[in-house]
Each structure stands twice: as structure tokens, then as C-alpha cells.
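Enquirer: I have a structure I would like to understand better, so I am pasting it below and will then ask my questions one at a time.
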Ligand SMILES: [Zn+2]
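Residue numbers (this note's numbering): 1 to 333.
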């Protein structure tokens, strides 16, 4: 989630020192991808900040609070940073404070991201159960979700769905591209999840229906439909990933306020087709899409339920679009 109001919350740093470590700096072409992640983990373990793709992560946590061990928490943070870097081709902001707050229990209890905390920097607070296991950290999505928020400008409250939709949609795709998850797993999750984003009776469009389902999954559905439509219009050469990279390249990030129109316009410009603005006009004020439209989309993408998972139809008309969405190296801008 992202908090909309500028917060007076102070970031209290404990545990790791937030020192710059120039040696751990990495760019898209500087090192083999696996070694980028290892460098991140090593710098974190040594008590330094994590530097990746033009961004610096100042991580603070009390290692003594977690029996799972400091190395696992460093690796978890590094995986998320690496996935976000892989998707966007850079880290979305030049600096971010991440504070891990110990909670009772054994779960990752989600997080909150602020664009400008008291020190003027973005801040992510993650609530982490003291008894969390390495396996739970390996399967976690919340850290990546919060880091994706760093890439999205703060839009007016009635369009909060855009911020949560992008974080919900991009997080699993970034993790597939980074080699963490299989494409099959996330298409199964999307098949299950996207239906929660469909309009219910009385829906007045994404900009006027702030329910949980429409905010998170309705926003994600907007992103999926945009991704597919951009790829159809560009001969599968560009996708939402290119549009979102274009927003970042145009100065958009959580540090700035933006109208929805300006943000989507930046994305449209990056891909050369006005799909995002067009879809906003279709879905912002009207209860779209219909359930049948979503069903038809799965068929055209070649995604069919198969027990708890999915099977792919590679002869489906949009099978190549589906493959391109999760392909590593997608995003050519
Ligand atoms: Zn969120």
C-alpha cells in the first residue's frame, strides 16, 4: 500500500548503518546479473547501503530480533531490489530508507511506502514477524510490491487504483523476469486474482469505486489490458513495461505529484500509441470490463485453468504477447 498524505513519521534507523558503498554500485551492463544480486547481499551483510541501478537503499533492522538471521533478511531485500531493477532497467529513486519493523508472529505483514518522509526521502516500512522463516521470505511479494510503488507518481486520491494496480501487476512479472518465479505460477495467480477486479453491481468506474477489489485488482486488470493492447498496436515490440520506464525517464516517481492524465501521457509517448489514456477514458467512469471480456482475454492469451495451475495454448492468437510480457529483457526503451 501507499499512504497518500505526506507523513510526519520519523524513520528510526537501528541495526545496519546506512553508509554509502560505492564498490557495490551496479548498472545494467556492469556485471552478470547473478553477481549483481550477490553484491547487493554482500554489501547489506557488511552493514552498507545497497546500491543498484542508480539507487541507494538504506536498510535498517534489528538483526537480533530475527532468529532467521541477518543474511536471509539481506537476501530478501536484495531479491526485491534486483527484481524492480530488472523490470525498470534502473532503480526508481536515487535513495530510499527501508525500515523493517518487528512484529509478533511468523509472517510478512505487508508494508507502507511514503514518497517524502521527514528527511525528504522516500520511506518504506515493512512489518515483519520475528519468527519468519527463510522459506517465507523467499516466497514474499510485499517487499517487491512496496519497491514498485517508488516508480509511480502520487496521483489524486480517487485514482489510487492506478498506484496499487501497477504495484499489484508489476510485482510478479518483475519476479519472473528476475528468475524468482515461473510464468506459469503468475498466470495462475492472475487467472485467480483478476476476476476480483471486475466491476460489481453499482460500480461507477475505477475513478469512482474505491473498493479493495477495484483498487488492487481493478487497477491490475487495467494494467494487463493496457499491456496487451500496447503489444497488439506495436506488433508486440512495446508493452506496459516500456510505458512505465518512460514515466520514470520523464521524471515520474513517488517523489512527485502528478495528474493521471499527465502520467499516462508520459507512458503513451514512450510507446508511441495512446493506449493508457484511451483505456482510462474507457474504464475511469464506466463499469468496465465485463466478465465476458476477461474470459475472452484469457482465451486469446491461451491461459486455461488446470487444477491449481494453468496450461498454455501456444496456438492462441495472443500467445506471443503472453510470452513477451514475462520475457526477461522485455522492455526495450
Ligand atoms: Zn501497495
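The beta-carbon is built from N, C-alpha and C at its ideal position, and this holds for glycine as well.
Find the nearest neighbour of residue 204 within the set 218, 194, 195, 192, judged by alpha-carbon distance.
Expert: For this step, residue 204 is matched to residue 204 along the chain shown. If we check each option's Cα against that of residue 204, 218 comes out closest.
Enquirer: When we look at the beta-carbon of residue 94 and count the other beta-carbons within 10 Å, is it buried (16 or more) or exposed?
Expert: Against the chain shown, residue 94 aligns to sequence position 94. Per the 10 Å Cβ criterion, exposed.
Enquirer: Using the Cα positions of residue 216 and residue 233, report the straight-line distance between them to the nearest angstrom.
Expert: Your numbering for residue 216 matches position 216 in the chain shown. Your numbering for residue 233 matches position 233 in the chain shown. Roughly 26 angstroms between the two C-alpha positions.
Enquirer: What's the call for residue 255, buried or exposed, on a 16-neighbour Cβ count within 10 Å?
Expert: On the chain shown, residue 255 is found 255 positions in, with the first residue counted as 1. Residue 255 is buried by the Cβ-count criterion.
Enquirer: Confirm, please, whether the CB-CB distance from residue 92 to residue 248 is below 8 angstroms.
Expert: Residue 248 sits at position 248 when you count from the first residue of the chain shown. Residue 92 sits at position 92 when you count from the first residue of the chain shown. Closer than 8 angstroms, so yes.
Enquirer: Among the candidates 41, 285, 257, whose CA atom is the shortest distance from the CA of residue 155?
Expert: Taking the first residue of the chain shown as position 1, residue 155 is located at position 155. Comparing Cα-Cα distances from residue 155 to each of 41, 285, 257, the minimum goes to 257.
Enquirer: According to the neighbour-count rule (16 or more other Cβ atoms, all chains shown, within 10 Å of its Cβ), is residue 295 buried or exposed?
Expert: As a working mapping, residue 295 is identified with position 295 in the chain shown. Exposed: under 16 other Cβ atoms inside 10 Å.
Enquirer: Tell me whether residue 167, by its Cβ, gets closer than 7 angstroms to a heavy atom of ligand 2.
Expert: Although ligand 2 was asked about, the structure shown includes only ligand 1 as ligands.
Enquirer: Let me know the secondary structure DSSP gives residue 293 once reduced to three states.
Expert: Within the chain shown, numbered from 1, the residue matching residue 293 stands at position 293. Correct three-state label for residue 293: helix.
Enquirer: Expressed to the nearest angstrom, what Euclidean distance is found between the alpha-carbon atoms of residue 63 and residue 288?
Expert: In the chain shown, the residue the question calls residue 63 occupies position 63. In the chain shown, the residue the question calls residue 288 occupies position 288. Cα to Cα, residue 63 sits roughly 47 angstroms from residue 288.
Enquirer: Apart from the five residues on each side of it in sequence, which residues of its chain come closer than 6 angstroms, Cβ to Cβ, to residue 164?
Expert: Locating residue 164 in the chain shown gives position 164, where the first residue counts as 1. Closer than 6 angstroms at the Cβ level, and outside the excluded window around residue 164, lie 215, 216, 219.
Enquirer: Residue 253: which of 123, 320, 151, 61 sits nearest, CA to CA?
Expert: Locating residue 253 in the chain shown gives position 253, where the first residue counts as 1. Ranking the options by Cα distance to residue 253, first place goes to 151.
Enquirer: At 4 residues or longer, and completely inside the region 107-150: list those alpha helix (DSSP H) runs for me, N to C.
Expert: Here the runs fully enclosed are 134-138, 142-149.
Enquirer: How many whole angstroms separate the CB atoms of residue 322 and residue 301, which I take to be in contact at a CB cut-off of 8 angstroms?
Expert: Sequence index remark: in the chain shown, residue 322 carries index 322 (1-based). Sequence index remark: in the chain shown, residue 301 carries index 301 (1-based). Correct: roughly 4 angstroms between the Cβ atoms.
Enquirer: Given that a residue counts as buried once 16 or more other Cβ atoms are within 10 Å of its Cβ, and exposed if not, what is residue 305?
Expert: Here residue 305 refers to the residue found at position 305 when the chain shown is read from its first residue. When all chains shown are included, residue 305 counts as exposed.
Enquirer: Have a look at 149, 196, 311 and flag the residue whose alpha-carbon is nearest the alpha-carbon of residue 88.
Expert: Translated into the one-based positions of the chain shown, residue 88 becomes position 88. Cα-wise, what sits closest to residue 88 is 149.
Enquirer: How close, in whole Å, do the beta carbons of residue 364 and residue 60 come, if the pair is a contact with beta carbons under 8 angstroms?
Expert: Since the first and last residues shown for the chain are 1 and 333, residue 364 lies out of range.
Enquirer: Would residue 177 and residue 86 qualify as a contact pair, given that the criterion is a beta-carbon distance under 8 angstroms?
Expert: Reading the chain shown from its first residue, position 177 is the one you call residue 177. Reading the chain shown from its first residue, position 86 is the one you call residue 86. Yes. Within cutoff.
Enquirer: Is residue 280 near ligand 1, with its Cβ less than 7 angstroms from a heavy atom?
Expert: Position 280 of the chain shown, counted from the start, is the residue given in the question as residue 280. No.
Enquirer: For residue 178, does the three-state DSSP call read helix, strand or coil?
Expert: In the chain shown, the residue the question calls residue 178 occupies position 178. Residue state, collapsed to three classes: coil.
Enquirer: For residue 84, which residues from the same chain have a beta carbon less than 8 angstroms from its beta carbon, with the 5 sequence-adjacent residues on both sides left out?
Expert: The residue labelled residue 84 in the question sits at position 84 within the chain shown. Contacts found: 91, 92, 144, 147, 148, 150, 151, 174.
Enquirer: Which same chain residues end up closer than 8 angstroms to residue 224 when comparing Cβ atoms and leaving out the 5 residues on each side of it in sequence?
Expert: Residue 224 sits at position 224 when you count from the first residue of the chain shown. Result list for residue 224: 169, 190, 194, 297, in chain order.
Enquirer: Is it buried or exposed for residue 207, if we count other Cβ within 10 angstroms and need 16 for buried?
Expert: Translated into the one-based positions of the chain shown, residue 207 becomes position 207. Residue 207 should be labelled buried.
Enquirer: For residue 238, name the three-state secondary structure that DSSP assigns.
Expert: For the purposes of this step, residue 238 is taken as residue 238 along the chain shown, with counting starting at 1. If DSSP states are grouped into helix, strand and coil, residue 238 belongs with coil.
Enquirer: Quick check on DSSP: helix, strand or coil for residue 195?
Expert: Numbered from 1 along the chain shown, position 195 holds the residue referred to as residue 195. In the structure shown, residue 195 sits in a helix (DSSP, three-state: H, G or I).
Enquirer: Start and end of the beta strand (DSSP E) containing residue 56?
Expert: Locating residue 56 in the chain shown gives position 56, counting from the first residue. Taken as a continuous stretch (DSSP letters only), the beta strand (DSSP E) holding residue 56 covers 55-60.
Enquirer: Go through its chain and collect everything with a Cβ distance to residue 199's Cβ below 6 angstroms, but skip five positions before and after it.
Expert: Counting from one through the chain shown, the residue named residue 199 turns up at place 199. So the list reads 287, once near-sequence residues are dropped.
Enquirer: Is any non-hydrogen atom of ligand 1 found closer than 7 angstroms to the C-beta of residue 157, if you look at the structure I gave you?
Expert: In the chain shown, residue 157 corresponds to position 157, counting from 1. The answer is no for residue 157.
Enquirer: Counting only the same chain and skipping the five closest in sequence on each side, list residues whose C-beta sits under 6 angstroms from that of residue 75.
Expert: To locate residue 75, count along the chain shown from 1; it is residue 75. Only 41 meet the Cβ criterion.
Enquirer: Does the separation of the CB atoms of residue 68 and residue 132 fall below 8 angstroms?
Expert: Position 68 of the chain shown, counted from the start, is the residue given in the question as residue 68. Position 132 of the chain shown, counted from the start, is the residue given in the question as residue 132. Going by C-beta atoms, residue 68 is nearer than 8 angstroms to residue 132.
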